[in-house]
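Read in order, the letters of the sequence shown are residues 1 to 328 in full-length UniProt numbering. Single-structure report; data block below.
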Amino acid sequence: MNPALSKFMLARTPERILHPTPTMNTPLPLNTGATIPALGLGTWQSEPGQVKATVIHAIESGYRHIDCAFCYQNEDEVGEALKEVLAKKVVNREELFITTKLWCTFHTRVEEGLDKSLKALGLDYVDLFLVHWPVPMNPKGNHPLFPKFPDGSRDLDKSITHVDTWKSMEKLPETGKVKAIGVANYSVKFLEELLPNTTITPAVNQIENHPYLPQQEIVDFCKGKGIHITAYSPLGSTGSPLMKEEVVIEVAKKHSVEPGAVLLSYHVARGSSVLVKSVTPARIESNRKLTSLDDDDMEKLEGISKAKGFTRFVYPQFGVNLGFPDKQ
Ligand SMILES: NC(=O)c1ccc[n+]([C@@H]2O[C@H](COP(=O)([O-])OP(=O)(O)OC[C@H]3O[C@@H](n4cnc5c(N)ncnc54)[C@H](OP(=O)(O)O)[C@@H]3O)[C@@H](O)[C@H]2O)c1
1 MNPALSKFML ARTPERILHP TPTMNTPLPL NTGATIPALG LGTWQSEPGQ
51 VKATVIHAIE SGYRHIDCAF CYQNEDEVGE ALKEVLAKKV VNREELFITT
101 KLWCTFHTRV EEGLDKSLKA LGLDYVDLFL VHWPVPMNPK GNHPLFPKFP
151 DGSRDLDKSI THVDTWKSME KLPETGKVKA IGVANYSVKF LEELLPNTTI
201 TPAVNQIENH PYLPQQEIVD FCKGKGIHIT AYSPLGSTGS PLMKEEVVIE
251 VAKKHSVEPG AVLLSYHVAR GSSVLVKSVT PARIESNRKL TSLDDDDMEK
301 LEGISKAKGF TRFVYPQFGV NLGFPDKQ
C-alpha cells in the first residue's frame with residue numbers, strides 16, 4: 001500500500017480498534033492452532049474446603065481458564081466444581097480451558113501422572129498438560145511429592161533427564177487426553193537443551209512473571225520460538241505485595257482501575273496470558289477487569305525491577321541449578 005495512504009488511514013483509525021481493551025477471555029494464539037484465554041484462575045494454595053466454591057464462583061463470574069496441578073493436592077475438589085458447573089450447563093466443556101501439570105515424581109510415569117489428574121478432575125482430556133518443573137525426582141523416595149535423602153538434600157532421579165520426560169510427553173496428544181503439551185519453570189538454558197530434541201515444540205512455558213521479575217530474556221526467547229508465555233504469581237504471590245507498589249497504584253489511578261487490573265493487564269500487553277489466585281469472591285470478581293496500558297505505563301512498570309534491584313527467587317527446594325539469572 002502507498003505509505004502516505006497507510007499513514008493517513010492509521011491516523012484516522014480509532015484507538016479502540018488499534019489497541020482494543022483486553023478482556024479476561026481474549027483468546028491468545030498457541031502454536032497448536034488453538035487459543036488460550038488471557039486470564040486464568042490459579043488454584044495453588046486454595047485450601048481443600050475452599051477450592052470447590054472458588055472454582056464454581058469463578059466460572060459463574062465468567063472465568064473460562066483454570067490452572068491446576070497434581071501437586072496442589074486439590075484436583076478432586078476442582079473436579080467436583082467442574083462436575084457441578086457442567087451439569088448445570090453454566091458452560092460446555094469446550095468453552096473451558098483446563099491446565100494441569102506433571103509432578104516431579106512422575107517423570108518416569110508421564111501417562112500415569114496425567115491419568116491421576118484426569119481422574120481427580122473428572123475429565124476425559126485437559127487443554128494443556130505441562131511439565132511442572134524440569135526436575136525428575138525419585139518416585140520411590142521417602143515422600144510422594146518432595147522426597148529427600150536422610151541428610152535433607154533433594155532425592156533427584158538421575159536415571160532420566162528432562163529431555164527424556166519430554167519424549168514421553170510427546171506421546172500424549174495422540175491419546176486424545178491432552179490438546180496441547182508444554183513446560184513450566186523452564187529457563188533459556190533448559191529450553192536450549194530441550195528444543196533441538198523435540199518433535200513437538202512446547203505450546204506454553206508457564207513462569208513466574210511480574211514487575212519485580214520481568215524475565216525479559218526468557219519472554220523474548222519464547223516469543224522467538226513460538227512458545228506462549230503464561231505468567232504466574234502476577235500480584236507477587238502470597239499476600240499480593242505488588243498491590244502496594246506506588247508505581248502500580250499511580251498507573252491504576254490514571255486509568256481509574258484497581259491495582260490488580262494493572263498487574264494482570266501488564267502481561268496481556270506483553271502478549272502473555274496470566275494466572276491469578278484468589279479464594280475471595282469479591283477479589284475473583286475484581287480481578288476479571290483488564291485494561292489497556294500504554295507505552296508510558298509499561299515503561300513505569302518495567303522500572304520497578306530496575307529501581308528495586310530485585311534479586312530473583314532461587315528455588316532451593318529443587319536442589320538443582322535451574323539456570324535462571326540471579327539479577328534482572
Ligand atoms: N507453574 C508453577 O510452578 C506455579 C507456581 C506458582 C503459581 N502458579 C499458578 O499461578 C497461580 C497464581 O500465582 P500465586 O497463587 O502464586 O499468586 P498471585 O495470584 O500473584 O497472588 C495470590 C495472592 O494474592 C491475593 N489476592 C488475589 N487477588 C487479590 C486482590 N484483588 N487484592 C488483594 N489481594 C489479592 C490472594 O489472596 P486470597 O486468595 O486470600 O484472596 C493470594 O494471597 C497459582 O495459584 C498457580 O495456579 C504456578
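Glycine included, each C-beta is placed from N, C-alpha and C at the ideal position.
- Short of 6 Å from the beta carbon of T230, and not among the five residues preceding or following it, lie these beta carbons of its own chain, in chain order: V204, Q206, S273.
- Contact between T99 and D124 is absent: CB atoms are separated by about 15 Å, not below the 8 Å threshold.
- As the crow flies, the alpha-carbon of V183 is around 17 Å from that of N321.
- Closest by C-alpha distance to K119, out of Y266, I249, K83, is K83.
- Counting other Cβ atoms within 10 Å of its Cβ, R12 stays below 16 and is therefore classed as exposed.
- Here the C-alpha atom of K88 lies approximately 45 Å from the C-alpha atom of S305.
- Distance between S46 and G323, taken at the CA atoms: about 29 Å.
- Ranked by how close their Cα comes to the Cα of T198, the residues K167, E208, N25 have K167 in first place.
- Around the Cβ of F8, a 10 Å sphere holds fewer than 16 other Cβ atoms; the residue is exposed.
- Looking at the DSSP output, A231 shares a beta bridge with I207, V274.
- According to the DSSP assignment, T201 belongs to no beta strand (DSSP E), since it is labelled neither H nor E.
- Residue state for H132 is assigned as coil, using DSSP reduced to three classes.
- K289 and D67 have their C-alpha atoms roughly 18 Å apart.
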